[in-house]
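Please read the structure below before turning to the comments.
So this is what it looks like as structure tokens:
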């Protein structure tokens with residue numbers, strides 16, 4: 019392992035919610051000389067800074083907060099970039115011009131962990147798929163963990179608990195993969211759930227975003243494996259440039275890998291399990307299950323363990339998560355649906371049930387026309403929070419002469435109370451924003467927690 023002792027390391031972006039805390043803790047433990055810079059102020063970062071202050075030897079850390087300084091980016095041995103930092107930052111460009119290497123947590127993890135890892139990426143479904151793979155592998159590999167983009171477990175924290183044969187499952191965002199590509203790093207088993215329009219507020223074009231996702235398999239070798247969604251044309255096309263063995267999964271077609279036939283799941287013609295006892299809603303979740311099974315079979319997990327793990331899995335927080343029933347409305351929190359495609363999939367999960375939809379927020383330069391058509395055909399009433407994404411959706415709904423709508427609602431509380439007051443119109447209340455959250459909340463998880471609080475408070479009063 020490369021020694022960090024005495025190395026000057028700049029952490030760029032501590033994060034409001036401590037996105038870099040695990041990195042800082044690891045660096046302190048390994049006696050690096052640490053500097054931290056963030057555009058947020060000391061007051062804004064209080065929550066994260068309080069946690070850093072409790073770490074051993076943290077008083078030695080040098081801070082530049084409320085903005086960056088060019089001089090901080092020269093006199094360093096290494097810069098660690100938080101995923102929230104733009105790739106085209108002038109400060110990072112300046113560092114590279116001065117031959118300072120720039121890495122992120124994912125590059126750091128792969129450089130330090132001596133064993134094989136499973137990497138999962140995709141526009142939608144990567145958190146659920148990563149968690150499912152972990153649940154299945156945990157039945158056999160007791161030291162297996164899931165980490166990465168998932169909010170609960172950073173990679174550098176996981177690193178301290180792993181053995182060489184733990185086969186960790188890492189959820190990797192396109193931001194992780196950008197620098198993994200630079201350093202020619204790919205996981206032993208790569209999974210791509212889908213590539214859909216998203217993050218076009220960050221990338222120059224959809225093609226740039228697509229290439230960022232493809233990086234997960236770009237540097238694999240012949241002994242590596244890649245699992246691709248056959249039903250998504252873009253992920254299917256990735257097979258053409260794969261160095262490793264290619265496996266597919268499909269809801270619609272018999273493929274080399276995992277597929278569905280007559281409500282039964284097969285791997286390369288061999289029966290794995292029935293789908294009768296699966297608790298997750300929607301075809302999109304069934305696709306996630308097929309992806310997880312494909313990885314499990316590649317690794318050699320027994321069918322009984324696969325079925326037991328999947329049939330007991332109820333989903334992860336804030337992904338089409340059932341909360342409770344109020345006034346005969348089944349309430350679902352789907353706050354992590356930050357794109358029109360994600361909300362479209364959520365709506366489609368409720369085949370014959372009438373829906374009241376709470377949506378809206380900030381646009382990410384995405385197309386809302388398909389979602390509008392789905393709302394027109396499936397949603398009894400729509401309540402839209404204010405935001406640029408909401409404005410785009412309203413324009414598309416107006417074209418379809420959809421009038422069952424309240425728009426420009428200023429708070430989530432007002433939207434929720436309005437939805438409850440209209441409970442006679444539907445059987446399901448679905449909070450699935452189809453947009454980013456930064457005009458009202460810190461992120462989609464903060465938004466989700468606010469919604470949970472509203473549900474809890476309302477239920478308590480009943």
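Numbering (my numbering), first residue to last: 19 to 480.
Cβ coordinates follow ideal geometry from the N, Cα and C atoms, glycine included.
Model, not experiment: these values are computed from the prediction.
Here the C-alpha atom of residue 345 lies approximately 6 Å from the C-alpha atom of residue 441. For secondary structure counted as the beta strand (DSSP E) over 3 or more consecutive residues, the region 159-187 holds these complete runs in sequence order: 164-166. For residue 283, the enclosing beta strand (DSSP E) has its first and last residue at 282-285. For the region 257-330, the full-length alpha helix (DSSP H) segments reaching 4 residues or more read 301-317, 321-329 along the chain. Of the candidates 256, 258, 248, 408, 248 places its Cα closest to the Cα of residue 269.
If only complete runs of 3 or more residues are kept, the region 332-409 shows the beta strand (DSSP E) at 339-344, 347-351, 373-377, 397-403, in order along the chain. The C-beta distance from residue 266 to residue 246 rounds to 5 Å, short enough to fall under 8 Å. Restricted to the region 49-75, the beta strand (DSSP E) segments that are unbroken, complete and at least 3 residues in length are 51-56, listed in chain order. Following the DSSP letters along the chain, one finds residue 224 in no beta strand (DSSP E) but inside the alpha helix (DSSP H) bounded by residues 224-236. Here residue 26 is bridged, per DSSP, to 51. Residue 211 carries a coil assignment under DSSP once its states are collapsed to helix, strand and coil.
For residue 108, the secondary structure class from DSSP, reduced to helix, strand or coil, is helix.
Of the candidates 261, 299, 321, 302, 321 places its Cα closest to the Cα of residue 288. Selection 86, 282, 365, 449 evaluated against residue 325 yields 282 as nearest (Cα-Cα). In the pairwise beta carbon analysis, the region 155-163 is classified as not touching the region 103-121: fewer than three pairs are separated by under 8 Å. In this structure, 332 is the residue among 198, 304, 332, 42 with its C-alpha nearest to the C-alpha of residue 153.
Residue 27 is positioned such that its CB atom lies closer than 8 Å to that of residue 95. In this structure, the alpha-carbon of residue 464 lies about 14 Å from that of residue 473. Membership of residue 144 in the alpha helix (DSSP H) is indicated by the continuous run 144-156. Its chain contains 40, 41, 43, 44, 123, 126, 127 as the residues whose beta carbon lies nearer than 8 Å to that of residue 174, once the 5 sequence neighbours on both sides are disregarded; these appear in chain order.
Of the candidates 271, 214, 459, 271 places its Cα closest to the Cα of residue 285. When DSSP states are grouped into helix, strand and coil, residue 420 belongs to the coil group.
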